[in-house]
Structure formats: C-alpha cells, structure tokens
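Worksheet: the structure to be examined is printed underneath.
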C-alpha cells in the first residue's frame with residue numbers, strides 16, 4: 015500500500031463517519047473471506063494426532079472490520095470492509111486445513127474443550143497482529159506453544175510474518191494475509207516436525 019492509498023483510506027473513513035451522521039443507512043459493507051487452503055486431511059489411520067486450540071486474538075483484532083495500521087501507532091478498523099465470518103474462526107479453520115495438508119501422517123483436530131488425548135500434541139496460538147500496514151505489507155504476529163499430552167511445554171516461539179501486497183486495496187490485503195497465513199503454517203509445520211524427532 016502506498017502512502018497515497020493510506021491517505022485515501024483515512025479520507026474515506028473520515029468521509030464515512032461524516033456521512034454516517036447525516037444518514038441513517040448507507041451501503042452494505044464489502045465482506046471478505048481468507049483464501050481457502052488446498053489439500054486433503056489425513057484419515058483415521060494417521061500415525062499422529064494434533065489438537066489445535068482456537069487462536070486467541072488481541073482485542074483490537076476481534077472485530078468485524080479489517081484492520082489497517084496507518085502509521086507507527088495508529089490502527090483503524092474499516093467499517094465498509096469487513097470479515098465475512100469471525101476472524102478467529104477463519105484463522106482456526108484455515109490453519110487446521112493448512113497443517114493437515116502439510117502433515118499427511120497427522121490428524122489435525124479442533125480442541126475446543128482443552129482436554130488432550132494420549133499421545134497427542136496440542137498447539138495454542140495467540141495472534142496480536144493480523145493487519146495491513148502503511149508501507150504495503152500485510153503483517154501477522156503472535157506467539158505459539160506446543161505441548162504434549164500431559165500439558166508439558168515442548169516448544170514455544172514468536173510468530174512474525176510479512177507479505178507484500180500485489181496491489182492497492184482491501185482485496186489485495188486479504189490475499190496477502192492469506193499468503194502470510196500460508197507462511198505461518200509452514201513455520202508451524204517445521205516446529206512440529208522438530209518436536210517429534
């Protein structure tokens with residue numbers, strides 16, 4: 015995203031706020047879904063089991079609108095450009111599918127209850143950055159933890175991914191965030207493989 019586009023976003027948001035005060039209704043927001051992962055999941059005969067907890071989002075990300083970082087400290091939630099489904103659900107489902115495709119010997123299942131099964135590994139993520147940035151990058155950040163079936167910590171690390179936008183605009187931002195989530199899945203796959211050695 016160029017500076018020109020960032021200023022246009024701010025101008026559009028300001029105009030939208032002014033118009034919202036003058037009219038009771040406006041155009042429906044444009045809604046976006048992260049690109050789907052491709053691949054197939056392992057069957058019941060898989061050798062390993064990975065339980066994925068739903069990612070915990072920073073409060074400012076747990077909103078309807080896409081988030082744009084317009085300078086070093088200012089974050090703006092877009093009112094006219096929103097997620098089609100809660101971001102946390104999209105991230106969980108997308109990561110589950112991406113990991114399953116990269117780890118064909120592993121069943122990757124959602125761990126909603128927080129209870130592990132014998133021999134299973136569990137993966138927990140906290141996401142504190144999932145936004146566009148004024149310099150034309152989509153940024154993803156957070157921390158992950160990998161635990162064994164008794165809850166002992168096997169590995170943990172920060173997650174820092176940047177993906178350049180191919181073009182200006184929100185569709186390009188969503189696609190770049192999808193590519194960034196692919197890269198995050200690659201990092202997590204390698205961490206899982208290391209933990210099994």
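In the working numbering, the protein residues as written are 15 to 211.
We put the CB at the ideal spot given by N, CA and C, even for glycine.
Nearest to residue 203 by CA position, among 41, 64 and 82, is which residue? On the chain shown, position 189 is the one that residue 203 refers to. Out of 41, 64 and 82, 64 has the C-alpha closest to the C-alpha of residue 203.
If I measure Cβ to Cβ from residue 186 and keep anything under 7 Å in the same chain, skipping five residues before and after, which residues do I get? If you number the chain shown from 1, residue 186 lands on position 172. These residues qualify, in order along the chain: 179 and 180.
To which residues of the same chain is residue 198 closer than 7 Å at the C-beta, ignoring the five residues directly before and after it? To locate residue 198, count along the chain shown from 1; it is residue 184. For residue 198, the CB contacts under 7 Å within the same chain, skipping 5 residues up- and downstream, are 154, 173 and 175 in chain order.
In or out: residue 133 buried (at least 16 other Cβ within 10 Å) or exposed? One-based indexing of the chain shown puts residue 133 at position 119. By the C-beta density criterion, residue 133 is exposed, having fewer than 16 other C-beta atoms within 10 angstroms.
When burial is assigned at 16 or more other CB atoms within 10 Å of the CB, is residue 135 buried or exposed? Your numbering for residue 135 matches position 121 in the chain shown. Label assigned to residue 135: buried.
Based on DSSP bridge pairs, tell me the residues matched to residue 155. Locating residue 155 in the chain shown gives position 141, counting from the first residue. Residue 155 is bridged to 143 and 174.
For the putative contact between residue 75 and residue 144, defined by C-beta atoms under 8 Å, what is the C-beta separation to the nearest angstrom? To locate residue 75, count along the chain shown from 1; it is residue 61. To locate residue 144, count along the chain shown from 1; it is residue 130. Right, their Cβ atoms sit about 5 Å apart.
For the beta strand (DSSP E) that contains residue 94, what are its first and last residues? Here residue 94 refers to the residue found at position 80 of the chain shown. Its beta strand (DSSP E) spans residues 89-97.
Selection from 200, 103, 201 and 148 that minimises the alpha carbon distance to residue 69: Looking up residue 69 in the chain shown gives position 55. When only C-alpha atoms are compared, the closest one is 103.
For residue 110, which three-state DSSP category applies? Here residue 110 refers to the residue found at position 96 when the chain shown is read from its first residue. In the structure shown, residue 110 sits in a helix (DSSP, three-state: H, G or I).
How many angstroms separate the CA atom of residue 169 from the CA atom of residue 161? Taking the first residue of the chain shown as position 1, residue 169 is located at position 155. Taking the first residue of the chain shown as position 1, residue 161 is located at position 147. Answer to the nearest angstrom: the Cα atoms are 7 Å apart.
Going by Cα to Cα distance, which pick from 171, 77 and 148 is closest to residue 205? Walking along the chain shown from the start, residue 205 turns up at place 191. Closest option to residue 205, Cα to Cα, is 171.
Buried or exposed for residue 146, going by 16 or more other Cβ atoms inside 10 Å? Position 132 of the chain shown holds residue 146. Label assigned to residue 146: buried.
Could you tell me if residue 223 is buried or exposed, where buried requires 16 or more neighbouring beta carbons within 10 angstroms of its beta carbon? Coverage of the chain is limited to positions 15 through 211, which leaves residue 223 absent and any answer about it impossible.
Mapping the DSSP letters down to three states, classify residue 104 as helix, strand or coil. On the chain shown, position 90 is the one that residue 104 refers to. Residue 104: helix per DSSP, three-state reduction.
Buried or exposed, going by whether 16 or more other CB atoms sit within 10 Å of the CB of residue 119? Along the chain shown, one-based indexing puts residue 119 at 105. So residue 119 ends up on the exposed side.
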